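Asker: Take this structure, written in structure tokens, and hold onto it; I'll ask about it next.
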Amino acid sequence: LGDDFDGIEISADDQIADVEDVIQESLWDAGLDEDIEIRILPGDFETDSRLADYQSALDAGRGSPDIFMMDSGWAMPFIIREQVLNLENELSDDTLDYVKNDYLPATVDTASDPETGDLHGLPFFPDYPMMNYRKDLVEEAGYDPEGEDWSTTPMSWQEFAEVVEDVWEYHGGPDGDYDYGFTTQAQAYEGLSCCTFNETMTSFGGAYFGDHENLFGPTGDRPVTVDDEPMYETIRMMRSFMYGPDADDAHPDYPQISNSDLVEFGEEEARGPFTGGNAIFMRNWPYIIPIHADEGEGEIGTMPLPYGVEEGESEYEGAGGPSHALGGWMLTVNPNSDATDDAVQVLEAFANESVMLTVFEEQGNLPPDPEVLANADPDAVGAMGPHLDTLAFVGENSVPRPVTDLWPEQSSLIYQEVHDAYTGEKTPEDAMADLQGQLEDSEQ
Amino acid sequence: MSTEDEHPDLAAQQTATDEPEIDRGLIEGWAARMISNPDRAYKIAFYTFTIAFLVTTLFPFYWLFMLALTPSGQFGRDSIILTPGGFDPSLLAEGDLTMGTNPGAFIDIFTTVPFHRFVFNSFLIATIGTVLVLFVASLAGYVFGRLQFRGKTPLLLTVLIVSFFPPAAFFVPLNRLFNRNFDVLAPIIADGSLYNHPSSIIIPVSALYLPLAIFILMVFYAQIPDGLEDAARVEGTTRLGALFRVIVPLSAPGVATAGVLSFITIYNEYFFSSLMTDGRPENWAPMLEGVLRFQGQYETLFNLMAASSIVAVLPIAILVIVAQEKIVSGLTQGAVKE
Amino acid sequence: MSTEQQSDEGSRLLMRPLNWLETQTEAVYAYFLLAPAFALLGVVAFYPLIQTFRFSLLEDQTAAAEAFGGFVGLDNYIAVLTGNARVPRQFIDITTTSGFPFLEMGSPFLRQALFVTLAFVIISVFFETLIGFGQALVLDKDFKGNRWVRVAVIIPWAVPIVIQGMIFFLIFNPNVGFGSDLMQGLGLFGSNPLANTRDSFIIVTVADIWKTAAFMALLILAGLQSIDRSLYDVAKVSGATPWQRFKYITLPLVAPALIVAMLFRTMDAMRIYGLIDSSVGCSTVPSMTCLVIISLDQTRRWATASTVAFLTAVVIALFVLVYLIFLRDSGGEL
Amino acid sequence: MANVKLENITKRYEDVTAVDNMNLDVEHGEFITLVGPSGCGKSTTMETIAGLTLPTEGTIEIGGRDVTNLPPKDRGISMVFQNIALFPHMDVYDNISFGLRLRKYDQEEVDRRVEEAADIVQLEGMMDRMPSEMSGGQRQRVAIARAIVRDPDVFLMDEPLANLDAELKVHMRTQLQRLHKKLDTTIIYVTHDQAQAMTMSNRIAVIDAGELQQVAAPLECYNNPNNLFVAGFIGSPAMNFENGEITEDGFTSKHITVDFDPAAHGVDVGQQVTLGVRPEDVHLERDQSSAAAATRTFNVVTDVLEPMGDELFVYLLMARDVEASAEGRGEGQLLMNLGPDEDIDEDQDISVVFDREKIHLFDTNTGDAIVHGLQPKSVPEP
Amino acid sequence: MANVKLENITKRYEDVTAVDNMNLDVEHGEFITLVGPSGCGKSTTMETIAGLTLPTEGTIEIGGRDVTNLPPKDRGISMVFQNIALFPHMDVYDNISFGLRLRKYDQEEVDRRVEEAADIVQLEGMMDRMPSEMSGGQRQRVAIARAIVRDPDVFLMDEPLANLDAELKVHMRTQLQRLHKKLDTTIIYVTHDQAQAMTMSNRIAVIDAGELQQVAAPLECYNNPNNLFVAGFIGSPAMNFENGEITEDGFTSKHITVDFDPAAHGVDVGQQVTLGVRPEDVHLERDQSSAAAATRTFNVVTDVLEPMGDELFVYLLMARDVEASAEGRGEGQLLMNLGPDEDIDEDQDISVVFDREKIHLFDTNTGDAIVHGLQPKSVPEP
Ligand SMILES: Nc1ncnc2c1ncn2[C@@H]1O[C@H](COP(=O)(O)OP(=O)(O)OP(=O)(O)O)[C@@H](O)[C@H]1O
Ligand SMILES: Nc1ncnc2c1ncn2[C@@H]1O[C@H](COP(=O)(O)OP(=O)(O)OP(=O)(O)O)[C@@H](O)[C@H]1O
Ligand SMILES: [Mg+2]
Ligand SMILES: [Mg+2]
């Protein structure tokens, strides 16, 4: 029953595999050699398992698949280890130029070797979070998001919290119809260290490793800066949100706008109540928008994430101001493939506006070239249409994750300590001090 | 031969009928009857236990079923306890037979992905693996259970050592081994490597399950009276023949149990199968891969996962129903005069 | 010389090696029959284990394509045993102090892989055995509908671990399940059981018991079924009460099967991972295998993973020793 | 007082009626032996008494108490099983002491009794053997010891001596009889061994196809069998039978005539009867003095001789033209029992007489006995 | 040709020597019976011949071929096991036909043979019973059928008739003898039943504690036992023994004297000897004519009477002051065998004689036989 497909195999995910035909067509339309067929494999369900999967494929020198779709959260180690094809000499100069000049810079950074700057992956689509809210409820409570231009004007956390408290209160508070004024992700998982904590503390002017130029290394030669005030602020604020301002180690200035369920929430747990009409504000990724359009209650509005301190008020270069964790995926080529040339051709074809648009329309996956987003016709992109402005703003204010070869283990150290501080098992000071020590150890 | 059909029934009926009950309170009378008739108390305790077992083992399933019936949008609105989320009997009056639930989940799992193919893959792999395990373990179990020879204990311990290690401990070397291209295999298998080939799941999983199977079979084979093996050998079997014609059938409870355990293990295997196939049903991706298809990077279709898990458990339920005749066959009775 | 019919040529050829075997000594025969099992284990288990052991003596290398660096001897072992390994949760993390009791936990009890695993093993195997035995005794009886009860009791074991984890995860999920509210109502759990080490530990343990009691039940049931019923007749006539029949006939005769079941349950429980991963997560309840997988899949510290795997095996070996002593005493073959 | 009373006991399996409406009254202290062909229901009867099988119908009393629904342990019985059924996981000592330990006898008492029982069955010094390490007879002796070590009211013993050699059998026989006297218990016994049945029992219960045929003292059964079945079953080798008809002069068959007065023996002329005579009641003509009252002489031919050492069985054909059926004794065949040194050859013409007083007549159709022993003829023979 | 030859066969278990340096040569077509006390090694010998146990030492030949290391299936044997060992998961038909099916006989042939075998053991109509649904005797018959359904060169039968009733035993005995003749096979047989051993076998091999005592024709063993053990073991009830000393006049013991010429019998004056006489060779004084040559009269007292129906066992005390030992026959006790109707009572003074020609003398110390039958006295008695 072996199959003798001899095209290019792309290991991606289930949803993308579903639109294999459309993508194939658009690739051909974008000039891909008609002889080159692609096949999209569903890959593994979870980003962690996919990581393990690719790791073993590359370790064993397996020739398939030809192209990997890698999470920018963990692609860097493969790049550093030179386990994926260096595209610098493979891609045409036009394409290289296009990518390096026009793609969202942060996505290009996560796809390049930090030492040499060589491009190893073609950014496929970026992903950044927004603050989603129930426009209808907010309006009922007397706010005017459109008038106040929430969609592109970030609030401070203080303002935000007060708005949420107010709207929530208007609708009955914790004992009313809505269990949550605000939901976000605070489970002990990768998403906490890479994203929610990262962006929040960055907006408070904090940084894991000092200035943002250190994000991609060099490991060992950069400061560890977690035992620091912005971190405590972030934790205390979150504790206030969850346990109220009177709880231990809570920030007295912020009201309670949610409850402690947040420490068990990942993306889906946060989305559930929101889509189900049980939460008013939510920090989440754009994928929720088409879902909400399908089955959610009420009208959805989006805005940038709030900020802690103004941009530039941070001790560290790059920190402060509204920050949105940059996620996203890139395409890399398996060097063991016996069709690397064809695979590179497929990448070339992906670096094409119409392909990006097709993917955006079909999947809601953002184009890596912000221009494409800006030029997109809101009516042609379905549910995403009303949110293009916010997306553009958020894309400009994104902060990449500090991915190095050590990131996977540092990440788990971070989320465990932060989570301990969130749940109150440790004080913010203790947790961050411990984390400081652990990170310093791991940096050696 | 007498069986367990003791007398409690008769005794219970008799005492129950001639017990004057008029002037006693219900509880008091009941207690008195319990004391005067321990068999009855025993019986009631028995049924209480049975029902308690049933409730605790089945409730999570019931709950899974409720989860499957919950429409995707209904998660998180209110918690699912005894009814699916969104369940509203009043909808029946409006002609909505589903009463707000979503039985369609059981169809969606076959339309959104070829779930049946995943199940088939696992079923086939598990069947072959089980046969392999039972055969190899039978030989070894026979040796350890019935033969005396030097070096037996160390060998047995060596087998056991395999089970000391987390399966992950085998992974890196096996991954390198199984992805290597063996030229000898090239004519048989497309590219000469075992990647995407069912044997790359069957072989490691069978081997890692082997120690348990060997131990189980060893224990059961050891219990078959020597006389029966002797009789078979005199009748004209080889020792191996006696093993498969007499010892194995007589150890039916043990063999069936080892078989069921091994089948279930292989059927549910994920660790090796997810790494040894590319996840496509055509390439022998297993059932669990299908279930997990409903779990995306962000969005998890819990209802479809639940529905597919229920469907995936069905073949095993059928297997258990079939095999249980063997599991409970208590055949050795009166086999030899001792 | 025999007047018996000869089988046809083909099967005679096939019989030849078998006949040759028949005439060999017991030991040769034994080794021959063991060959397939050891061939399989050799390729799939022993060879990888030797490799893995070799890995555990090498240095981790995270920044190069090859995962292993130079030979470092037992350094990895020392790092893991002293709580200095590059893993988010330590295998064992005890420091010595000057005052009584001279030992101090570097991190909480249930945050150390060794201890959380041991606690889990002892509690879960104990209850699984108890409940499994109870179930097996029920299933062994003849009563109306027992075949359905049998299926019902066995079926939890057929649920894939990931699904089982999902069930319990969702039951205690604050949005979907009712478990947290229920347990909080009973005053047993705190507010966020899935984020609380103790509560999560209990959830994982209960989930494991729920699922694997069936495994015990199945094996014990098979053991019960293999007992010659006429022995019960003898015991009854000798005056044994049901309890005495259980104690003197059932228990000793089912002991070999029971001990094998417990032995493998213990070894399995020692290697618990999938259930934790799919329900409460490895950082809340870090088992020994959790550490292996984290170092293997996430941080790509394969030498550390190999080291933890070998230490896990050592811990299991110590437990097994106890069982083997029991097995020998119970008259089992060994 | 431990009498055992079976009332209308019936036990049906799916397609067989193993015990059929059995009524049996065993006195306290009695030694009763159940005998009957293989599969006639002896073991089933024992199991019903023990309480291991519920009778389909009927009630059982032990010691005056209705025990039909009592569990075995409350019936005050102990049992030796036909299939022996030793506990494979216990050594000899543990097997024997099992019942005692259950009753929490103190260790010394247990030791004393086990030793005593082991002594009786000659198993001293084998206390720590496992059943799998013993010979068939040794295992059976353990089973006996296990039953006798307690002192119950009723002993049930199903073929306890089947695997023992002659000497041991005699020894055990004596031992069981002593035990019976000493303990003053009731014993219900099953055996296929005529010698055991005859010597040990107060009464024998003969069973055929689940039905009781005769319950009586051994010699009574031997000498005055109720019916053809009992006559044929008790006594080894079995009684000789000859089918014939009653004439005015007595009995006539194809090969022999025996004359007597039909009226005086309660038979009708023309009735189909079967004449029975035991091998030891057939005498050589020259020894006819040893018969109390000899019949007329029959001329027969010797067929097969079976020397047993202490006696000699001679198979006779009543005429030269009788086909010697190999399937036991057929029509026209006769067995006689001689002293070991009798000088006789195969295929020799000899003359024999029957002992008139030992001749039995049965109704051929119903099988019921009509007469045991012919009366002296009213008209003396010429 | 299927002779069976055991050469120096020894089988040792951890602490027992079950078979001790046994040499036995069984001719083709012979029917040989192994007898001996329980645990003497009969079953072990059979298992060694079958190839189920490897002898510790020695070699086995079957049909001239050294089979010591051949597996059972290649030895051309079939076996009835003492413990029956039916396959519990197969019905009667499958049990019986097992060996045939293994050899791929065609279905018709299998059916025919199974039917024939079932017929021989009288199991017709039980073909689809499971072993657990059968009585002890029925199971045993299935085991026999399973062995005889094939036609091997050598039959090994270990107590095949133990659970059968007298009639069936006789029937099976005849059937086995016919089979033996018809198939011209060698049969090695184990039984505790003297009647079987005496009537069926060409030769008897008497074993004690793993050692061969005598191999000879049944009557030879009965009449000329090699030693005390054989004399005591063969014959039921057993021979009477009296320990004494040789004097000038013959034999003297506490209770009796028998006079003969020591020199003529190869004994020395003063030698310790045991005199043996079988119960049937003890006669009442008034019947002394039936003894070929009577000894002098002994005055004895009757003790216990055991009426067996066809004969009467009388236990005698040689003097009033002899303690009647309940443990078999002790010093000064004597058993005699009378006709069933002999008029005799317990505790009665009677006179008996021995048959001189049936008196055996054994060396008390070595147990070896010295003389069988005393010669007529050279000096006639006054
Ligand atoms: N597996 C064994 N281990 C140790 N001793 C054994 C074993 N099998 C038999 N024996 C001993 O060997 C001796 C001979 O046993 P065997 O079974 O041959 O006796 P037997 O003559 O058949 O006796 P029986 O007439 O009672 O069946 C006995 O003393 C027995 O206890
Ligand atoms: N469990 C059963 N199911 C069906 N029939 C049975 C069962 N047990 C016994 N029988 C049948 O009942 C009848 C009586 O059996 P039982 O064992 O009482 O015979 P028995 O007199 O002891 O014979 P034996 O002398 O051969 O031991 C037999 O025909 C037997 O086949
Ligand atoms: Mg019986
Ligand atoms: Mg024997």
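Residue numbers (this note's numbering), protein chains in the order written: chain A, 1388 to 1831; chain B, 68 to 405; chain C, 20 to 353; chain D, 199 to 580; chain E, 199 to 580.
Ideal Cβ placement from N, Cα and C applies to all residues, glycine included.
Quick caveat, the model's predicted, so the values are computed rather than measured.
List, in chain order, every chain A residue whose beta-carbon is nearer than 7 Å to that of C/G125.
Answerer: In chain order: nothing, as chain A lies at least about 11 Å away.
Asker: Starting from C/F197, follow the beta strand (DSSP E) in both directions and report where the run begins and ends.
Answerer: Premise fails: C/F197 is in no beta strand (DSSP E) and is neither H nor E.
Asker: Hey, could you find the ends of the alpha helix (DSSP H) C/Q70 is sitting in?
Answerer: First-last of the alpha helix (DSSP H) with C/Q70: Y66 to S75.
Asker: Could you tell me the distance, in whole angstroms, from the CA atom of A/L1822 to the CA atom of A/S1451?
Answerer: Each residue's alpha carbon lies about 39 Å from the other.
Asker: Grab me the residues of A/E1651's own chain with a C-beta within less than 7 Å of its C-beta, minus the 5 sequence neighbours each way, in chain order.
Answerer: Once the five neighbours on either side are set aside, the close Cβ partners of A/E1651 are Q1574.
Asker: Counting contacts by CB-CB distance shorter than 8 Å, is B/P320 in contact with chain C?
Answerer: With 8 Å as the cut-off, B/P320 counts as an interface residue toward chain C.
Asker: At a CB-CB cut-off below 7 Å, which residues of chain C make contact with D/K271?
Answerer: Simply K255, G258, A259 and T260.
Asker: Considering only their Cβ atoms, is the gap separating E/L321 from E/S338 smaller than 8 Å?
Answerer: Note that residue 338 of chain E is Gln in the sequence shown, not Ser. Going by C-beta atoms, E/Q338 is not nearer than 8 Å to E/L321.
Asker: To the nearest angstrom, how far is it from the Cα of D/T257 to the Cα of D/D272?
Answerer: Taking the straight line from one Cα to the other gives about 16 Å.
Asker: Using a Cβ cut-off of 8 Å, which residues of the stretch 311-324 of chain C contact any Cβ in chain A, in chain order?
Answerer: Taking 8 Å as the Cβ-Cβ cut-off against chain A, the residues of the stretch 311-324 of chain C that qualify are I313, L315, D316, Q317, T318, R319 and R320.
Asker: Cα separation between A/E1686 and A/Y1520?
Answerer: The straight-line gap from Cα to Cα measures roughly 8 Å.
Asker: If you run the structure through DSSP and keep just helix, strand and coil, what is B/A112?
Answerer: In the structure shown, B/A112 sits in a helix (DSSP, three-state: H, G or I).
Asker: How should E/V550 be labelled, buried or exposed, when 16 other C-beta atoms within 10 angstroms of its C-beta is the threshold for buried?
Answerer: Buried: at least 16 other Cβ atoms inside 10 Å.
Asker: In or out: C/M9 buried (at least 16 other Cβ within 10 Å) or exposed?
Answerer: With chain C covering 20 to 353 only, the question about residue 9 of chain C has no answer from this structure.
Asker: Can you pull out the residues from the stretch 1419-1433 of chain A whose beta carbon lies closer than 8 Å to at least one beta carbon of chain B?
Answerer: Result list: L1428, P1429, G1430, D1431, F1432 and E1433.
Asker: Under 8 Å, CB to CB, which of the residues in the stretch 498-509 of chain D have a partner in chain E?
Answerer: Cβ contacts with chain E: E504, P505, M506, G507, D508 and E509.
Asker: Mind checking whether the beta-carbon of E/K452 lies closer than 7 Å to any heavy atom of ligand 4?
Answerer: No.
Asker: Go through the stretch 210-270 of chain D residue by residue and report every complete run of the beta strand (DSSP E) that reaches 3 residues or more, in order.
Answerer: For the stretch 210-270 of chain D, whole beta strand (DSSP E) runs of length 3 or above, ordered along the chain, are 215-224, 229-233 and 255-260.
Asker: Quick one: using the 10 Å Cβ neighbour count with 16 as the cut-off for buried, is B/F185 buried or exposed?
Answerer: Under this definition B/F185 is a buried residue.
Asker: Taking 7 Å as the cut-off, is the C-beta of E/K240 nearer than that to any heavy atom in ligand 4?
Answerer: Yes, the Cβ of E/K240 comes within 7 Å of a heavy atom of ligand 4.
Asker: For B/Y209, does the three-state DSSP call read helix, strand or coil?
Answerer: The answer is helix: DSSP assigns B/Y209 an H, G or I state.
Asker: Any heavy atom of ligand 3 closer than 7 Å to the Cβ of C/S249?
Answerer: For ligand 3, not one heavy atom lies less than 7 Å from the Cβ of C/S249.
Asker: Cβ of C/G300 less than 8 Å from any chain A Cβ?
Answerer: Chain A contact via Cβ: present.
Asker: Is DSSP giving E/E509 helix, strand or coil here?
Answerer: Coil, per DSSP.
Asker: Does D/P269 pass the burial test, meaning 16 or more other C-beta atoms within 10 Å, or should it be called exposed?
Answerer: Result: buried.
Asker: Taking only heavy atoms of ligand 2 into account, decide whether any of them is closer than 7 Å to the Cβ of D/A216.
Answerer: Under cutoff, so the answer is yes.
Asker: Which term fits E/D351, buried or exposed, when burial requires 16 or more other beta carbons within 10 angstroms of its beta carbon?
Answerer: When all chains shown are included, E/D351 counts as buried.
Asker: Any beta carbon of chain C sitting closer than 8 Å to that of D/A364?
Answerer: No, because no Cβ of chain C sits closer than 8 Å to the Cβ of D/A364.
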